[in-house]
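Written out below as structure tokens is the structure these notes cover.
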Amino acid sequence: QHVCAVARALGIRTVLLHPLASLLSAYGIGVAPQTWDRQRDAGRLSLPGKPLSLPEPVRTAFAELEAEGR
Numbered sequence: 548q549h550v551c552a553v554a555r556a557l558g559i560r561t562v563l564l565h566p567l568a569s570l571l572s573a574y575g576i577g578v579a580p581q582t583w584d585r586q587r588d589a590g591r592l593s594l595p596g597k598p599l600s601l602p603e604p605v606r607t608a609f610a611e612l613e614a615e616g617r
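Using the numbering used here, you'd call the opening residue of the sequence shown number 548 and step up by one each time.
Encoded structure:
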């Protein structure tokens, strides 16, 4: 278990582990909803005195995510 190495590095002497920890983790992954995360560099979205304007790559990413949600 990597938790033992982390505990050792932090000086923690006692670690409590649930006997079904790996099974519960696998089950959680199986029942969790599917999600998507996208990141794009949008640069500066607004400047003082100028309204917010989304660059084309950001508008495209929003459109792709909306299409996947339908």
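Note that CB positions come from ideal geometry on N, CA and C, so glycine has one too.
Within the model, the alpha-carbon separation for Gln586 versus Gly575 is close to 25 angstroms. Ala554 and Ala573 have their alpha carbons spaced roughly 23 angstroms apart. Counting only the Cα atoms, Gly577 lies some 11 angstroms from Leu570.
Distance from the Cα of Arg560 is smallest, within the candidate group Leu601, Cys551 and Arg606, for Cys551. A Cβ-Cβ contact shorter than 8 angstroms links Trp583 with Leu612.
Rounded to the nearest whole angstrom, the C-alpha separation of Pro580 and Ala614 is 18 angstroms.
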